[in-house]
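A quick write-up on the structure given underneath.
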Amino acid sequence: MDLIYREQILEHYKHPFNFGVLDNPSSEASDNIVSCGDSLSMQVLVKNKSSLVADIKFQGSGCAISIASASMLTESVKGQKIGDLKNLSKNDILTMLGIELSPTRVKCALLSLEVLHKTLNQLT
Numbered sequence: 000m001d002l003i004y005r006e007q008i009l010e011h012y013k014h015p016f017n018f019g020v021l022d023n024p025s026s027e028a029s030d031n032i033v034s035c036g037d038s039l040s041m042q043v044l045v046k047n048k049s050s051l052v053a054d055i056k057f058q059g060s061g062c063a064i065s066i067a068s069a070s071m072l073t074e075s076v077k078g079q080k081i082g083d084l085k086n087l088s089k090n091d092i093l094t095m096l097g098i099e100l101s102p103t104r105v106k107c108a109l110l111s112l113e114v115l116h117k118t119l120n121q122l123t
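The sequence shown lines up with residues 0 to 123 when you count with numbering that gives the first Met the number 0.
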């Protein structure tokens, strides 16, 4: 089963979804992991009346885990309510990736979640 998830991670790394820049984001944030050099920035466009994520983009550089995690996460949050997304946790990200990670790689996987939370916290 890990092989399927590994292939999915590599595909998201090579061809990430939602990679780019939004023209008029509602909010944006960035962060990095100093020890390994991974860095991500994220922009969110929110429909104010419904508090739904209308669009989301990210940019950055890093290992396959950090880029794939950002790609998968940004794809899964479109159309979701901001309040619900603030409750996303480490376990949600690790389940989404579907493979066991070393403690160092867990930091890489969670970078996108940390940036998403920073981005959403600026909206409230």
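Glycine included, each C-beta is placed from N, C-alpha and C at the ideal position.
Note that the coordinates shown come from a computational prediction; the quantities given were computed from them, not determined experimentally.
Note to self: Measuring alpha carbon to alpha carbon, tell me which residue in Q42, K13, R5, L115 is nearest D83.
What the structure shows: Checked all of Q42, K13, R5, L115; the closest Cα to D83 is L115.
Notebook entry, point to check: DSSP on Q42, reduced to helix/strand/coil?
Noted result: Of the three classes helix, strand and coil, the one that applies to Q42 here is strand, per DSSP.
Next item on the list: Classify D83 as helix, strand or coil using the three-state DSSP reduction.
Entry: The DSSP-derived three-state label of D83 is helix.
Next item on the list: Below 6 Å CB to CB, which residues in the same chain sit around K117 once its five sequence neighbours on both sides are set aside?
Entry: When the five nearest sequence neighbours on each side are left out, the beta carbons in the same chain lying within less than 6 Å of the beta carbon of K117 are those of A28, in order along the chain.
Notebook entry, point to check: Quick one: what does DSSP say D54 is sitting in, helix, strand or coil?
Noted result: Strand, per DSSP.
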